[in-house]
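Here's the structure, in structure tokens; my notes come after.
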Amino acid sequence: MNLYSNTIMNTAKFMNRRRFLGQAAAAAGTAALCTQQANANPSSDSNAENSSWPVRFQPDATRPRWYPRDMPKAGEVVHEYKIEIDLIRHEILPMVETYAYAYNKMVPGPVFRVKEGDWIKVDFHNNTHDFHTIHWHGIEVPCEMDGVPLGTQYPVGYQQTFQYLFRAQPAGTHYYHCHNMTPLHVQAGMYGAFIVESDNDPVKAMFPYEREYTLALSEIDTNYVREQLNAMQQMGEVMDYMNGSPKLMEKMNGKMMGWFASREDFVQAVKNGYIPPYAQSMSGYVRPIQPNFFMINGKSYPMTDHLHIRSGENIRVRLIGAGMMPHFMHLHGHDFWHVCQDGAVLASPIRHNTIPVYPGCTTDIVIQGTNPGCWHFHDHSDISNMNNGVSPGGMMTMLMYDDAEQAGFHFKEIIAVNT
Ligand SMILES: [Cu+2]
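Take my numbering: the last position of the sequence shown gets the number 741, and nothing is skipped along the way.
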């Protein structure tokens, strides 16, 4: 029996079509006030004559809707990627699986690792019956490549492709995530690391290292994700149909949909009877998110991967606040050095034994191998050290010395799943 398995399609009995559409619209709603036309290619875009964007969808999303202001020049490095979105089953722990929206069938998505100044070209293709984008968090992309649905691009629908093209800058630890219905889609797995390396890395000069680790910290309310993805599956065909039908989208706008060209239009729509989804949620259709599993790279303790070090070695650990909660990472038996924040190298390293990793932030630390053994490295916010309310678990891993035995420390690893 799989207690937390999310069975798509058979539990969405309370779905209300009107509410659902409203939710989808609300996710895009923050961007809806931006009336800047991202399309700079009017001769080939059927929306060009329509100033009421974003109420219409462009069914052909295979072209970026922009005149690139900067393009790769001869001799410059261009890395080409294909990123696909699929609905997969993702195992957080034995007996705990969720459905996930996954970049290239991985949670987290694949790690991008490139040199500063290189070009990134991503063909982003959607195989799910939902809308997605990629936001390149911390990268100085052109605005049109920022991945904000209806703000800078049309959200990418079923079997559509959008091409991102930008230069990787600045150097440092960054990440990427979906920006459509972000609270759901990031919980559902749409995040990954984006590391931009520099030939002149001050961290490497100060703390020479060979091994490094990237830990994306996040959390999930499995019940919320199950309810929402079930609802999305039920609506999938309708969403696909709308995506290919700008006229239907326009007709529904301000009735079932909620994309408005101005604040005044939104207020007027409410006067005309449109019920915003947040008002519907007050009647109990939508409940607040309550995370119950806390993950490092998509896994909870004891399934998290260990960090490895040897006596005298430095390791770099890139911590990414990919979720919606702050986490306070504490290492037993060592102080460590905070060397970068949000990708930028600190003027001088700061010594910690516990360091906050806030949502949307990246925090790089260097651990020095000074105390052989095996040591806990975990969020010190105790709620995150549980699996569905049972301790120990969650956002926890171990720093393991490869040479512990030679250094005289003998241990037998024990996996604890309850107290
Ligand atoms: Cu998405």
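All C-beta atoms in this analysis are idealised placements derived from N, C-alpha and C, irrespective of residue type, glycine included. Computed from a prediction, not measured in an experiment: that's the story for all the values here.
Check: Three or more beta-carbon pairs under 8 Å between the stretch 414 to 421 and the stretch 615 to 622, yes or no?; Outcome: yes
Check: Who sits around ligand 1, taking every residue whose Cβ is closer than 6 Å to one of its heavy atoms?; Outcome: 423, 454, 500, 502, 507 and 512
Check: Between the stretch 626 to 640 and the stretch 417 to 436, do at least 3 Cβ pairs fall closer than 8 Å?; Outcome: no
Check: Output the distance between the C-alpha atoms of residue 719 and residue 584, rounded to the nearest integer angstrom.; Outcome: 48 Å
Check: Which of helix, strand or coil does DSSP assign to residue 429?; Outcome: coil
Check: Between 696, 622 and 667, which lies nearest to residue 496 when the distance is taken from Cα to Cα?; Outcome: 667
Check: Give every residue of the same chain whose Cβ lies closer than 8 Å to the Cβ of residue 546, excluding the five residues on either side of it in the sequence, and list them in chain order.; Outcome: 506, 509, 609, 611 and 612
Check: Residues in its own chain within less than 7 Å of residue 356 by CB, not counting five upstream and five downstream?; Outcome: With a pLDDT of 28 at residue 356, under the threshold of 50, the predicted position of this residue should be treated as unreliable, and no value is reported.
Check: By Cβ distance below 6 Å, which residues in the same chain neighbour residue 403 in space, the five residues on each side in sequence not counted?; Outcome: 444
Check: Out of curiosity, what's the CA-to-CA distance linking residue 453 and residue 725?; Outcome: 49 Å
Check: Can you tell me whether residue 688 is buried or exposed, with buried defined as 16 or more other CB within 10 angstroms of its CB?; Outcome: buried
Check: With a threshold of 8 Å (Cβ to nearest heavy atom), would residue 435 be considered close to ligand 3?; Outcome: For ligand 3, the structure offers nothing, since it holds only ligand 1.
Check: On the criterion of 16 or more Cβ atoms from any shown chain inside 10 Å, does residue 732 qualify as buried, or is it exposed?; Outcome: exposed
Check: Comparing C-alpha positions only, which one of 692, 734, 677 and 678 sits nearest to residue 636?; Outcome: 692
Check: So for residue 588, helix, strand or coil by DSSP?; Outcome: helix
Check: Can you tell which of 535, 511, 555 and 526 has its C-alpha closest to the C-alpha of residue 544?; Outcome: 511
Check: In the DSSP assignment, what are the bridge partners of residue 637?; Outcome: 533 and 689
Check: Whose C-alpha, out of 685, 659 and 682, is nearest the C-alpha of residue 674?; Outcome: 659
Check: From the DSSP output, in three-state form, read off residue 667 for me.; Outcome: strand
Check: Would you call residue 336 buried or exposed, if buried means 16 or more other Cβ atoms sit within 10 Å of its Cβ?; Outcome: Confidence at residue 336 is low in this model, with a pLDDT of 27, below 50, so the placement of that residue is unreliable and no value is reported for it.
Check: Please determine, among 425, 649 and 461, the residue with the shortest C-alpha to C-alpha distance to residue 450.; Outcome: 425
Check: Give me the residue from 492, 488, 475 and 494 with the minimum Cα distance to residue 500.; Outcome: 475
Check: Between the Cα of residue 464 and those of 541, 698, 396 and 392, spot the shortest distance and give me the residue it belongs to.; Outcome: 392
Check: On a CA-only basis, which of 737, 527 and 705 is nearest residue 670? Give me that one, please.; Outcome: 527
Check: By alpha-carbon positions, which one of 456, 489 and 737 ends up nearest to residue 624?; Outcome: 737
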